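Residue numbers (full-length UniProt numbering): 1 to 459.
From the three backbone atoms N, C-alpha and C, an ideal C-beta is built for every residue, glycine too.
Quantities reported herein were computed from a predicted structural model and do not represent experimental measurements.
Following: one structure in structure tokens, then a few remarks.
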């Protein structure tokens with residue numbers, strides 16, 4: 001009677017060991033891979049970089065600029081940074097324009113240290129280390145089962161799947177029998193659960209029978225590992241080009257979340273600037289960005305999430321968001337990781353209760369995402385080796401759409417991946433903006449008030 005359980009257990013450990021060996025092999029190949037080829041210097045990107053980082057020009061903000069630089073150097077205060085290291089960092093982003101940028105940075109923050117003491121680490125596109133932790137077979141099976149059920153649900157809702165001819169892993173789920181007086185809605189999901197995201201559970205039914213096209217990037221599902229080489233993972237630029245070709249320049253609305261906003265930014269840049277002739281109307285009618293990752297002030301904050309320890313990050317974020325907050329224990333961390341804070345918490349909480357909710361969200365995001373997202377193999381590769389600012393960061397076009405009321409930005413107050421308060425100050429006064437107090441990254445996907453606001457905006 002004990003033979004069958006032992007065989008099942010043995011088969012499980014063999015499968016687990018094979019998965020671990022495969023993960024180790026792919027990660028080892030990634031670490032030994034040569035640095036990716038850097039894109040050519042983009043003068044327009046360089047001209048806007050310092051302005052949008054609030055480090056130069058009329059809109060310069062010393063506090064925002066100092067925070068941007070501190071995050072870029074993984075927590076080191078600007079006054080302690082060697083001038084040579086800052087110049088090297090700027091040169092990696094801006095090329096020949098780094099001399100003028102350094103002068104502008106010193107005019108905002110003051111002079112940097114003239115001497116270099118020891119090594120100074122900083123964020124550079126395409127040169128980060130690929131660090132990832134193996135995900136057990138049971139977790140991978142659970143994620144794949146969720147994806148299977150999500151695919152079946154889409155089919156029941158009248159969606160049909162087609163493969164992209166240029167990127168085999170990219171597919172489109174399209175519902176064509178919708179309203180014809182509205183342009184189709186292109187949905188770009190983020191990294192994590194993919195088609196099983198709560199975005200599709202609540203948002204799609206709220207849209208009624210509208211025509212919808214979902215760009216399904218299967219490799220963005222947590223726990224998935226390429227067969228051999230991470231270099232085959234499509235880049236943001238490649239995804240945007242493939243989706244643009246699929247749209248064939250037809251008018252479209254865009255709804256994007258998290259990593260999907262990076263693709264949306266690159267896509268809008270291509271459709272609005274490179275594809276549309278002056279005599280033609282805009283291809284993108286309206287766009288909704290939820291938890292956006294495509295604005296310059298956020299790039300250094302996102303980079304540090306991949307390098308600093310969760311304890312270090314949580315301590316800093318709590319001091320910024322919850323002034324006077326005390327330290328935290330591992331028991332508190334475990335409790336907040338297992339029990340996700342309420343994404344639909346009321347906006348009318350008293351200050352003491354709101355501060356407690358912010359604390360829960362910060363601890364939950366930092367530790368939960370550190371294991372499931374930031375240390376996932378594909379995510380680490382994409383963000384450390386295959387992501388380049390000129391490919392996707394907004395150069396002012398999204399802000400122009402915001403002024404024209406063609407952009408709705410939805411931001412959560414305690415989002416650990418973006419400078420939420422800074423984006424609110426820059427975007428809310430000029431366009432459509434939705435602020436979600438106390439909650440964090442991903443909460444917008446669960447909220448009915450968000451679905452209703454998106455539905456109303458897209459009309």
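Where the beta strand (DSSP E) containing residue i begins and where it ends
i: residue 161; result: 160-163
i: residue 435; result: 432-436
i: residue 401; result: Element bounds for residue 401: not the beta strand (DSSP E) but the alpha helix (DSSP H), 397-403.
i: residue 290; result: 284-290
CB-CB length for residue i against residue j, believed under 8 angstroms
i: residue 184; j: residue 252; result: 6 angstroms
i: residue 254; j: residue 186; result: 5 angstroms
i: residue 188; j: residue 256; result: 4 angstroms
i: residue 102; j: residue 124; result: Wrong, their Cβ atoms sit about 16 angstroms apart, outside the cutoff.
i: residue 65; j: residue 76; result: About 15 angstroms; that fails the 8 angstroms criterion.
i: residue 262; j: residue 236; result: 5 angstroms
i: residue 353; j: residue 317; result: The Cβ separation is near 19 angstroms, so there is no contact.
i: residue 229; j: residue 29; result: 6 angstroms
i: residue 136; j: residue 301; result: Not quite, the Cβ-Cβ distance comes to about 30 angstroms (not below 8 angstroms), so this is no contact.
i: residue 399; j: residue 411; result: Rounded, the Cβ-Cβ distance is 14 angstroms, inconsistent with contact.
i: residue 120; j: residue 82; result: 6 angstroms
i: residue 240; j: residue 270; result: 6 angstroms
Pick from the options that is closest to residue i, judged by C-alpha positions
i: residue 372; options: 89, 34, 222; result: 222
i: residue 379; options: 197, 148, 233, 173; result: 233
i: residue 156; options: 175, 140, 165, 186; result: 175
i: residue 44; options: 227, 300, 93; result: 93
i: residue 446; options: 341, 5, 459, 61; result: 341
i: residue 213; options: 198, 170, 193; result: 170
i: residue 113; options: 79, 51, 289; result: 79
i: residue 458; options: 429, 369, 408; result: 408
i: residue 84; options: 75, 77, 74, 99; result: 99
i: residue 397; options: 303, 350, 296, 339; result: 296
i: residue 287; options: 91, 55, 431, 435; result: 431
i: residue 404; options: 307, 284, 294, 132; result: 284
i: residue 304; options: 364, 384, 359, 328; result: 384
i: residue 451; options: 425, 386, 344, 357; result: 344
i: residue 140; options: 347, 454, 23, 425; result: 23
i: residue 159; options: 374, 51, 121, 211; result: 211
i: residue 31; options: 104, 386, 338; result: 386
i: residue 152; options: 201, 181, 166; result: 201
i: residue 35; options: 359, 388, 309; result: 388
i: residue 209; options: 154, 429, 453; result: 154
i: residue 362; options: 314, 349, 350; result: 314
Chain C contact for residue i (CB, 9 angstroms cutoff)
i: residue 379; result: Among the chains in the structure shown there is no chain C, since it carries only a single protein chain.
Limits of the unbroken alpha helix (DSSP H) element including residue i
i: residue 330; result: 330-338
i: residue 44; result: 43-52
i: residue 454; result: 448-458
i: residue 375; result: Element bounds for residue 375: n/a, residue is neither H nor E.
i: residue 417; result: Residue 417 -> no alpha helix (DSSP H), and no H or E assigned at all.
i: residue 105; result: 98-109
i: residue 302; result: 299-304
i: residue 143; result: 137-156
i: residue 368; result: 351-369
i: residue 310; result: 310-321
i: residue 389; result: 389-392
Classification of residue i by the beta-carbon crowding that lies within 10 angstroms, buried from 16 upward
i: residue 173; result: buried
i: residue 439; result: buried
i: residue 279; result: Note that residue 279 scores 40 on pLDDT, short of 50, meaning its location in the model is unreliable and no value can be drawn from it.
i: residue 250; result: exposed
i: residue 390; result: buried
i: residue 277; result: Note on residue 277: pLDDT 47, under 50, position unreliable in the model; the coordinate value appears next. With fewer than 16 Cβ atoms within 10 Å of its Cβ, residue 277 is classed as exposed.
i: residue 415; result: buried
i: residue 127; result: exposed
i: residue 326; result: exposed
i: residue 190; result: buried
i: residue 148; result: exposed
i: residue 369; result: buried
i: residue 357; result: buried
i: residue 63; result: exposed
i: residue 58; result: exposed
i: residue 18; result: exposed
i: residue 168; result: exposed
i: residue 6; result: exposed
i: residue 456; result: exposed
i: residue 9; result: exposed
The ligand ADP heavy atom lying under 8 angstroms from the CB of residue i
i: residue 175; result: The model on display carries no ligand, and the ligand ADP is accordingly not part of it.
Checklist entry - Hey, which unbroken runs of the alpha helix (DSSP H) at 4 residues or more fall wholly within the stretch 210-280? => result Runs of the alpha helix (DSSP H) inside the stretch 210-280: 236-247, 259-269.
Checklist entry - In chain order, which continuous runs of the beta strand (DSSP E) of length 3 or greater are located wholly inside the stretch 174-204? => result With a minimum length of 3 residues, the continuous beta strand (DSSP E) runs that stay inside the stretch 174-204 are 185-188.
Next on the checklist: So within the stretch 60-95, which uninterrupted alpha helix (DSSP H) runs reach at least 4 residues, ignoring any that extend past its ends?
Outcome noted: If we require 4 residues or more, the alpha helix (DSSP H) runs fully inside the stretch 60-95 come out as 62-72, 83-94.
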